[in-house]
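Below is one structure, written out as structure tokens, with a few remarks after it.
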Amino acid sequence: MTQIKILWKNKNWEQLTTNETHEIFALRSRVFVVEQNCVYQDIDDKDLKAVHVCGVYKNNIIAYSRLFNEGDYFKEASFGRAVVEKKYRGKGLGDQLMKETLAVMKSNWPNKKNKNLCSSAPFRLLPKTRLYA
């Protein structure tokens with residue numbers, strides 16, 4: 202498996218550029234709506250409260266997840282919309298994305314003793330490490 206060097210960025214809604222927002226919505230649409238045929242309202246008001254974790258490679262967002270503090274979406278701290286661009290799958294990016302996602306959660310909310318992480322992402326994506334301690 203070839204490792205790709207990803208630049209990880211995490212931003213709240215106000216920090217995202219117009220291009221980043223477009224790339225995020227386009228990536229989520231390609232994967233969730235077109236590829237996985239999930240018919241639901243992807244763009245929602247929850248994006249406004251989320252911390253957006255973006256994996257950038259060659260100036261393109263190819264991996265993404267969105268994170269929420271306790272009470273912003275679920276009772277527990279949570280993440281979802283975890284996605285890797287199709288042509289970059291099988292290279293360990295899903296594991297890198299989950300590790301980065303959990304690290305950002307721990308960094309943003311360090312005083313949370315949250316043992317109950319909630320995810321709308323499939324649990325097969327989670328790394329084989331302690332989730333949030």
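Numbered by this note's numbering, the letters in the sequence shown go through residues 202 to 334 in order. Beta carbons are placed, not taken as given, at the ideal position from N, Cα and C, and that holds for glycine. Computed from a predicted model, the values in this text were never measured in an experiment.
- Message: Output needed for residue 208: all residues of its chain with C-beta closer than 8 angstroms, excluding positions within five of it in sequence on either side, in chain order.
- Response: Hits under 8 angstroms: 256, 257 and 258.
- Message: I'd like to check one pair, residue 267 with residue 253: are the Cβ atoms closer than 7 angstroms?
- Response: yes
- Determine, using beta-carbon pairs with one atom in the stretch 239-253 and one in the stretch 288-297, whether at least three such pairs fall under 8 angstroms. Contact between the stretch 239-253 and the stretch 288-297 is absent: fewer than three C-beta pairs spanning the two stretches fall below 8 angstroms.
- Task: For residue 213, count neighbouring Cβ atoms within 10 angstroms of its own Cβ and tell me buried if that reaches 16, exposed if not.
- Result: exposed
- Query: Quick one: is residue 269 buried, meaning 16 or more other Cβ sit within 10 Å of its Cβ, or exposed?
  - Reply: buried
- Query: Would you say residue 263 and residue 289 are within 7 angstroms of each other, going by their C-beta atoms?
  - Reply: yes
- Rounded separation between residue 246 and residue 206 - CA only: If I take the Cα positions, the gap works out to 32 angstroms.
- Under 7 angstroms, do residue 211 and residue 305 count as touching if we go by C-beta distance? yes
- Candidates 282, 310, 299 and 308: which alpha carbon is nearest residue 243's? 282
- From the DSSP output, in three-state form, read off residue 205 for me. Annotated three-state conformation of residue 205 is coil, per DSSP.
- Message: Below 8 angstroms on the Cβ atoms is my contact criterion, and I expect residue 224 with residue 287 to pass it. Report the Cβ-Cβ distance as a whole number of Å.
- Response: About 15 angstroms; that fails the 8 angstroms criterion.
- May I have the straight-line CA-CA distance separating residue 328 from residue 219, to the nearest angstrom? Residue placement at residue 328 cannot be trusted, given a pLDDT of 47 that sits under 50; what the coordinates show is reported in the next sentence. One C-alpha to the other measures close to 31 angstroms.
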